[in-house]
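Below is one structure, written out as structure tokens; the observations come after it.
Residue numbers (our numbering): 37 to 122.
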């Protein structure tokens, strides 16, 4: 059992997101946060998980931070998204 971070991040790996590069986006989140999937950052600020579908396939690839949905993600956008929450 791993605690959830203050800002839980869920990256969609459903079919549409996966085909449009969600795996690369997930890798970027892991690099930026320095944690693998299923873990929480040492400061307790972020946790990283995956899910299968958020129902926003038209915006693929998609990630959620808390209740906020980020669509049409690329690995280049990840550092800016993380910076919003620091």
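Note that CB positions come from ideal geometry on N, CA and C, so glycine has one too.
Taking C-beta separations shorter than 8 Å and ignoring five residues to either side along the sequence, the partners of residue 38 in its chain run 74, 75, 76 and 83, following chain order.
With a 10 Å radius around the Cβ and a threshold of 16 neighbouring Cβ atoms, residue 41 comes out buried.
The residue among 119, 115 and 94 with its C-alpha nearest the C-alpha of residue 107 is 94. Distance between residue 111 and residue 100, taken at the CA atoms: about 15 Å. When DSSP states are grouped into helix, strand and coil, residue 79 belongs to the coil group.
By alpha-carbon distance to residue 80, the top candidate from 71, 63, 48 and 88 is 71.
C-alpha of residue 116 to C-alpha of residue 92: approximately 21 Å in a straight line. Between residue 86 and residue 47, the CB-CB gap stays under 8 Å.
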